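Numbering (the working numbering), first residue to last: 856 to 984.
Comments concern the structure below.
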Amino acid sequence: MQNNSLEDIFKSGQIVCLESGAKTLYGEVIQVIVKRQLCWVRPLTIAITLEENSSDFDINADQEIIDLRSASDLLLPLTLFRASYDTEAIVLLTELASREVSFDKQQMSFSLNSFVRQVWQNNQEKFSN
């Protein structure tokens with residue numbers, strides 16, 4: 856029974872997010888790997904909130920987004936993610952659609968690597984299984 860409930864947490868194609876400090880990674884679920892309690896995610900963007908009082912759903916001068924659509928997929932613990940709200944996903948996907956896909960691999964790699972390292976440092980107990 857637990858396997859079915861874990862499998863039903865996220866569906867392929869669903870937009871999920873992983874928050875760490877002022878940064879939030881948004882990605883598309885490729886697959887939930889129930890046996891290992893991992894989520895295979897294709898990164899879309901990292902949103903960085905520049906001001907504490909800004910709304911999470913507004914892409915404006917108070918928030919920077921880094922395009923990760925050409926970045927490598929991630930396999931991370933399922934418990935790190937939450938489903939993104941429709942209002943978050945719609946705003947971010949609209950913003951990304953209006954931009955050219957970034958092919959600056961060096962910046963993408965650095966941004967994603969830095970974010971994953973920060974997540975790992977803050978959640979080491981979730982990576983031990």
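Where is the CB? At the ideal position from N, CA and C, for every residue including glycine.
Given the structure is predicted, the values throughout are model-derived calculations rather than measurements.
Report the residue from the options whose alpha carbon sits nearest the alpha carbon of residue i.
i	options	result
K981	I921, L930 and G876	L930
P932	R954, E950, K890 and S867	K890
By DSSP, does residue i sit in helix, in strand, or in coil?
i	result
F965	helix
R937	strand
A902	strand
K866	coil
R954	coil
D911	The predicted position of D911 is uncertain, since its pLDDT is 49 and thus under 50; no value can be drawn from it.
Q918	strand
Q892	coil
Tell me which residues share the same chain as residue i and place their Cβ nearer than 8 angstroms to its Cβ, disregarding the 5 neighbours each side in the sequence.
i	result
Q901	A quick correction: the sequence has Ile, not Gln, at residue 901. Here the set comprises K878, T879, L880, Y881, I920, I921, L923, S966, L967 and F970.
T934	Q892 and K981
Which residues does DSSP list as the beta-bridge partners of residue i?
i	result
S875	K878
Looking only at its own chain, which residues have a Cβ that is under 7 angstroms from the Cβ of residue i, when we skip the five neighbours before and after it?
i	result
Q918	A902, I903, T904, L905 and S909
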